[in-house]
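The block underneath contains the structure these notes are about, expressed in structure tokens.
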Amino acid sequence: MHNELGFIGLGRMGLNMTTRLIEQGYRVVGYDVETVACAAAQAVGVEMVVDYTALVAALGDAPVVWLMVPSQFVDAVLAEISPLLPAGATVIDGGNSFYTDSLRRYQTLKAKSINFIDVGTSGGMEGARRGASLMIGGEAEVFATIEPLFAALAAPEGYARVGGPGAGHFVKMVHNGIEYGMMGAIAEGVNVLHQHQAEFDIDINEVFKPYEHESIITSKLVTWLRTAYDEGQIDAIAGEVPTGETEAEMEHIIRELGDVPVLAAAVAQRQQTREVPSYVGTLIAAMRNQFGGHSTVTKE
Numbered sequence: 001m002h003n004e005l006g007f008i009g010l011g012r013m014g015l016n017m018t019t020r021l022i023e024q025g026y027r028v029v030g031y032d033v034e035t036v037a038c039a040a041a042q043a044v045g046v047e048m049v050v051d052y053t054a055l056v057a058a059l060g061d062a063p064v065v066w067l068m069v070p071s072q073f074v075d076a077v078l079a080e081i082s083p084l085l086p087a088g089a090t091v092i093d094g095g096n097s098f099y100t101d102s103l104r105r106y107q108t109l110k111a112k113s114i115n116f117i118d119v120g121t122s123g124g125m126e127g128a129r130r131g132a133s134l135m136i137g138g139e140a141e142v143f144a145t146i147e148p149l150f151a152a153l154a155a156p157e158g159y160a161r162v163g164g165p166g167a168g169h170f171v172k173m174v175h176n177g178i179e180y181g182m183m184g185a186i187a188e189g190v191n192v193l194h195q196h197q198a199e200f201d202i203d204i205n206e207v208f209k210p211y212e213h214e215s216i217i218t219s220k221l222v223t224w225l226r227t228a229y230d231e232g233q234i235d236a237i238a239g240e241v242p243t244g245e246t247e248a249e250m251e252h253i254i255r256e257l258g259d260v261p262v263l264a265a266a267v268a269q270r271q272q273t274r275e276v277p278s279y280v281g282t283l284i285a286a287m288r289n290q291f292g293g294h295s296t297v298t299k300e
């Protein structure tokens, strides 16, 4: 059973995940290119090192290294760290990588006798701190050796090996597509309420009480939108949804993978806000900001 972990990428998500692990008795050796992130991680007990050589040297004979970096940097990190890893090491990519990239990385590392696990991570910053949703792809034997790590990071019953190599990021991609549709529907509905406030003397903040508790649409998304109203964010955010890291994946689903008219409409809805800002755009941007700290366009 592994009770130590190398961790690369200690931004908002990585910091919360490593904090959770340390609280559960894990030894975490970390690296990040940003000095502010290094200081924050060190403050919660992460053993910070200056480079990948030091990170690998600080771990045992069969090191496990978790990558939590933007998807465009994963190959560069692997190119630097894989020559340093011994046979039998395991690399986990917990970011938003495209599933075909994960399949390629699995094959490349397997040829070097290095294990690769792809993990779709959901739940936002709060989930990373209190217990995330983890969709795990990889060889069953490798998963079994490090399963306690996933149990430590996830919410109760919140993780599963969903399939073989690439499956974790494939399932997370589909999850993101469902999320796009849900966010679009919630935003459209609340926009209708907004448009008819005067007609029915509607108090939108009060509407969230029944919506948020035991209704069919009760969800974290509804809660996060209510929080955005409570915190006054709605009045500050312009009606544009910035392009996100996952939008290219959504286009891939639409083009290549199936009949997904709801997803296609949700993507078009977001793209339209960049040409014609709208209240719907404000609501979607507010939800994204709540769960992921995603950038928003503020009103001038």
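The working numbering numbers the first residue of the sequence shown as 1 and each following residue consecutively. Virtual Cβ for every residue (Gly too), placed ideally from N, Cα, C.
Residue i burial status per 10 Å Cβ neighbour count (16 or more: buried)
i, result
"Gln-271", "exposed"
"Ser-215", "exposed"
"Pro-156", "exposed"
"Val-190", "buried"
"Ala-248", "exposed"
"Val-91", "buried"
"Ala-39", "exposed"
"Arg-255", "exposed"
"Arg-161", "buried"
"Val-50", "exposed"
"Val-192", "exposed"
Test item: CB-CB of residue i and residue j under 8 Å
i, j, result
"Ile-114", "Ala-140", "no"
"Met-182", "Leu-225", "no"
"Val-77", "Leu-67", "yes"
"Val-28", "Ala-58", "no"
"Ala-154", "Ile-234", "no"
"Asp-118", "His-169", "yes"
Inter-residue spacing [alpha-carbon to alpha-carbon] between residue i and residue j
i, j, result
"Ser-305", "Ile-253", "Outside the displayed range of the chain (1 to 300) lies residue 305, so it cannot be described from this structure."
"Ser-133", "Tyr-159", "6 Å"
"His-213", "Glu-34", "40 Å"
"Tyr-180", "Asp-61", "42 Å"
"Met-17", "Thr-227", "23 Å"
"Glu-126", "Ala-198", "35 Å"
"Leu-283", "Phe-73", "30 Å"
"Met-1", "Arg-274", "Residue placement at Met-1 cannot be trusted, given a pLDDT of 44 that sits under 50; what the coordinates show is reported in the next sentence. So the alpha carbons of these two residues sit roughly 49 Å apart."
"Gly-25", "Ile-204", "44 Å"
"Ala-265", "Gly-137", "29 Å"
"Val-96", "Phe-200", "The sequence given here has Asn at residue 96, not Val. Taking the straight line joining both Cα atoms gives about 43 Å."
"Gly-45", "Thr-19", "8 Å"
"Thr-218", "Tyr-211", "6 Å"
"Asn-289", "Gln-107", "35 Å"
"Ala-79", "Ile-237", "40 Å"
"Ala-151", "Gly-11", "21 Å"
DSSP bridge partner residues for residue i (one or two, in chain order)
i, result
"Asp-93", "Leu-67, Asp-118"
"Phe-143", "Beta-bridge pairing links Phe-143 to no other residue."
"Glu-47", "Val-29"
"Ala-160", "Met-135"
Below-8 Å beta-carbon distance, residue i vs any chain B residue
i, result
"Val-241", "Within the model displayed, chain B is absent; a lone protein chain is all it includes."
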